[in-house]
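Here is the structure we will look at.
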Amino acid sequence: TNNWYPGEMLDDGRYSVKSVDLLAARARRAFFEYTPTRHSSADPERIYRTVRYGPMLEVFLLDQRTHRGPNSANRQPEPGGAATFLGDEQMRWLKRRLKASTATWKVIA
22 TNNWYPGEML DDGRYSVKSV DLLAARARRA FFEYTPTRHS SADPERIYRT
72 VRYGPMLEVF LLDQRTHRGP NSANRQPEPG GAATFLGDEQ MRWLKRRLKA
122 STATWKVIA
């Protein structure tokens, strides 16, 4: 099985590439090559961004995979590194952008 644990090797003989890290890197590259997204000039590999539709609507598109904590049973007794979802940098960015937004409607997607 492939749960995207860093460094885990796949045990399915049908696939020649077994490195999850390599497969994840290839998937990330394919995402950037085949999705019509505008890239940030400051950080061209950043996935999270905003899209404005006039003065009324701003959509906040998040990266829910790159910055998350390690896979687990999700039974953490309190928030912490294993339960993180967006990562510290993305969370700061989201709060800052939400506060600065002048749009009437703000959608987090």
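Going by my numbering, the letters in the sequence shown line up with residues 22 to 130, in that order. Each residue gets a CB set at the ideal place from its N, CA and C atoms; glycine is no exception.
- Across the set 79, 86 and 70, the C-alpha of 86 shows the shortest separation from the C-alpha of residue 108.
- Distance from the Cα of residue 124 is smallest, within the candidate group 72, 51 and 106, for 72.
- In the same chain as residue 77, and ignoring 5 residues on each side of it, the C-beta atoms closer than 7 Å to its own belong to 124, 125 and 126, in chain order.
- DSSP, reduced to helix, strand and coil, places residue 118 within a helical segment of the structure shown.
- Scanning the stretch 27 to 76 for uninterrupted beta strand (DSSP E) segments of 3 residues or longer gives 70 to 74, listed from N- to C-terminal end.
- Residue 39 and residue 52 have their C-alpha atoms spaced approximately 20 Å apart.
- Residue range 78 to 82 is occupied by the beta strand (DSSP E) that includes residue 82.
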